[in-house]
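Quick note: the sequence shown uses the numbering used here, first residue 1, plus one each step. Following: one structure in structure tokens, then a few remarks.
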Amino acid sequence: MNQQFEAGINIAIKIPKSKYEKTVAFYRDILKLEVSEKHIDNPTVSRTHEVKFGNNVIWLDCVDNYTHAETWLQLKVPNVAEATNYLQMNNIETCDELEELPENMHWIQDPAGTVFNLQQHETN
Numbered sequence: 001m002n003q004q005f006e007a008g009i010n011i012a013i014k015i016p017k018s019k020y021e022k023t024v025a026f027y028r029d030i031l032k033l034e035v036s037e038k039h040i041d042n043p044t045v046s047r048t049h050e051v052k053f054g055n056n057v058i059w060l061d062c063v064d065n066y067t068h069a070e071t072w073l074q075l076k077v078p079n080v081a082e083a084t085n086y087l088q089m090n091n092i093e094t095c096d097e098l099e100e101l102p103e104n105m106h107w108i109q110d111p112a113g114t115v116f117n118l119q120q121h122e123t124n
């Protein structure tokens with residue numbers, strides 16, 4: 001199987017509530033990047049800010065029950081079901097219990113625990 005993965009533009013940083021305001025201020029006031037708060041309706045993320053980061057977007061997610069920050073990355077594939085089968089054949093299981101997702105997406109982790117959002121390329 002010739003499965004192809006491509007990096008997406010989205011990077012999420014899950015930030016403990018106690019460090020959230022200072023982290024947002026760092027990106028906005030110290031680095032002077034374009035930062036804007038966005039509405040979010042998610043049971044595990046209480047607030048989110050979008051940061052323009054070159055060709056990428058960093059999502060600063062306030063997570064009330066975390067004790068340390070984590071960085072989550074986006075992977076794009078032509079077909080999520082085929083990619084999921086390929087990953088399972090290579091002993092990589094989905095971990096969709098991490099955070100609520102739309103259908104046809106999955107969370108996976110590398111051996112070090114880095115989280116990836118596996119999703120399909122947009123069709124034009």
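Using N, Cα and C, we set each Cβ at its ideal position, and we do this for glycine too.
What number of angstroms, rounded off, separates the C-alpha of residue i from the C-alpha of residue j?
i      : j      : result
Thr84  : Ala25  : 38 Å
Asn79  : Phe5   : 10 Å
Ile108 : Ile30  : 33 Å
Val63  : His39  : 14 Å
Glu21  : Tyr27  : 10 Å
Glu82  : Ala7   : 17 Å
Lys32  : Leu73  : 23 Å
Thr67  : Pro111 : 21 Å
Ser18  : Asn2   : 44 Å
Just confirm the distance between the C-beta atoms of residue i and residue j, as a whole number of angstroms; I'd bet it's less than 8 Å.
i      : j      : result
Gln119 : Met105 : 5 Å
Asn42  : Ile9   : The Cβ separation is near 19 Å, so there is no contact.
Ile15  : Ile58  : Not confirmed; about 11 Å, so no contact.
Val52  : Glu34  : Val is not the amino acid found at residue 52; the sequence shown has Lys there. Right, their Cβ atoms sit about 4 Å apart.
Leu98  : Val115 : 6 Å
Thr23  : Leu75  : At roughly 24 Å, the Cβ-Cβ gap does not stay under 8 Å, so Thr23 and Leu75 are not in contact.
In this structure, what does DSSP give as the bridge partners for residue i?
i      : result
Pro16  : Val63
Ile11  : Ile58, Leu73
Asn117 : Gln74, Trp107
Glu6   : Lys76
Report task. Spell out a yes or no on whether the region 46-53 and the region 87-96 are touching, meaning 3 or more CB-CB pairs, one atom from each, closer than 8 Å. Result -> Taking a cut-off of 8 Å for Cβ pairs, the region 46-53 and the region 87-96 do not touch, as fewer than three such pairs fall below it.
Requested in this report: Counting only runs of 4+ residues fully inside the region 19-106, write out the alpha helix (DSSP H) ranges in chain order.
Outcome: Secondary structure remark: continuous alpha helix (DSSP H) runs of at least 4 residues inside the region 19-106, in chain order: 80-89.
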